[in-house]
Every structure is written in C-alpha cells, then in structure tokens.
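Just below is one structure, and these are the notes that go with it.
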Amino acid sequence: MTPAAELAKRFEAAWNDHDMRSFESLFHDDATFVNRIGQYWRGRDEIVHQHAALHRSIYKDTKISNRVQDVDLIGSDVAVVHVRSTATFGPSMPHGPREMSAQFMFVATLRDGEWRIQAGHNVGLMDPNTSKLIVER
C-alpha cells in the first residue's frame, strides 16, 4: 500500500476510535474539506473542530470501513486517492441505526517527509432519510 493510500486506513482508524488527535494528524495546516452535504471547511483546525462536534453527537457511535479504489500519482509528492467508504451509524443518528456509503476523494501531498491530506471531498451515495442508494458505482 502506498503512503498516500495508507492515509485512508489511518482516517478509518482515527474515525472509529473517535480520536481527534490522530484525525488532526492526517491533514496539513492549510487543508480544505468538503463534507457529504457540501459544507466547505478551510484549515486543519476548522476541519477537526467540525468533525469533533459530530463525533460528540450524532457520530459518536459511528464506524466506517474504507476501501481504496485507486491512487493516481501526479508527481513524486502529490497523489489523488479515491476511497469507497461505508459507515455504520448507531442509535445516536436522528434517523436511527443504518448503513450508508460515500465516495471520498482526497489529494495527498508529501511535505517535510510526511504524506498528509491537502484537500478532501466526501460525497454521500445514499439518501440519508431512506438509506436508498442514489448513486451507483
């Protein structure tokens, strides 16, 4: 597994442990992130702050499983990583327990000898009210 692809597994581990310190270490200081409902966050501090609030509330009993689909190396220090993510939501979700899938893409860059996420974009593939798949493939 490439170092860039390994970020997807580290993301999964930090998420499942609800470990915001480990989650924080995945991102560059000036990273950006678009969540599954289109909210845009700039900077590692904001990305972590927004995710931490979710992990204290509706995501507190959520687990994810990430499957790396591909890694496109753009250069020796830049990669685009596509990940299919499946989340299992517990009873803390407003619509109750359910499983949902998302397509996650991130741009990973190597700086100061370390691969981190520079930009991330998470797209929900299922209707959150019905859990019906709305996007195939």
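Residue numbers (the numbering used here): 1458 to 1594.
For every residue, glycine included, the Cβ atom is placed at its ideal position computed from N, Cα and C.
The structure presented is a predicted model; accordingly, all values stated were derived computationally and were not measured.
If contacts are defined as beta-carbon pairs under 8 angstroms, then A1470 and S1479 qualify, I think. What distance do you get, rounded to the angstrom? The pair is a contact, with the Cβ atoms about 7 angstroms apart (cut-off 8 angstroms).
Mind the definition here: the region 1515-1532 touches the region 1540-1550 only if three or more C-beta pairs lie below 8 angstroms; say whether that holds. Three or more beta-carbon pairs separated by less than 8 angstroms link the region 1515-1532 to the region 1540-1550, which places the two stretches in contact.
For A1462, which residues of its own chain have a beta-carbon under 7 angstroms away from its beta-carbon, when the five flanking residues on both sides are left out? For A1462, where only same-chain residues beyond five positions count, the Cβ hits under 7 angstroms are V1525, V1528 and V1538.
K1589 versus R1555, H1485 and D1487, residue with shortest Cα-Cα distance: Out of R1555, H1485 and D1487, R1555 has the C-alpha closest to the C-alpha of K1589.
Those runs of the beta strand (DSSP E) which lie wholly inside the region 1471-1504 and span at least 3 residues: At a cut-off of 3 residues, the continuous stretches assigned as beta strand (DSSP E) that sit fully inside the region 1471-1504 are 1484-1491 and 1497-1499.
Give the single residue among G1581, D1487, Q1575 and L1483 whose Cα lies nearest to the Cα of D1534. If we check each option's Cα against that of D1534, Q1575 comes out closest.
Span separating the alpha-carbon of I1494 from that of N1579: Spanning the two alpha carbons is a distance of roughly 8 angstroms.
How is the beta strand (DSSP E) around H1539 delimited, first residue to last? It spans V1535 to F1546 - the beta strand (DSSP E) in which H1539 sits, taken as one unbroken run.
What three-state label does DSSP hand H1578 in the structure shown? Collapsing the DSSP output to three states places H1578 in a strand.
Would a C-beta distance cut-off of 8 angstroms place G1581 and F1561 closer than the cut-off? Not in contact: G1581 and F1561 (Cβ atoms no closer than 8 angstroms).
Any chain C beta carbon closer than 8 angstroms to E1481: Judged by its chain identifiers, the structure shown contains no chain C, having just a single protein chain.
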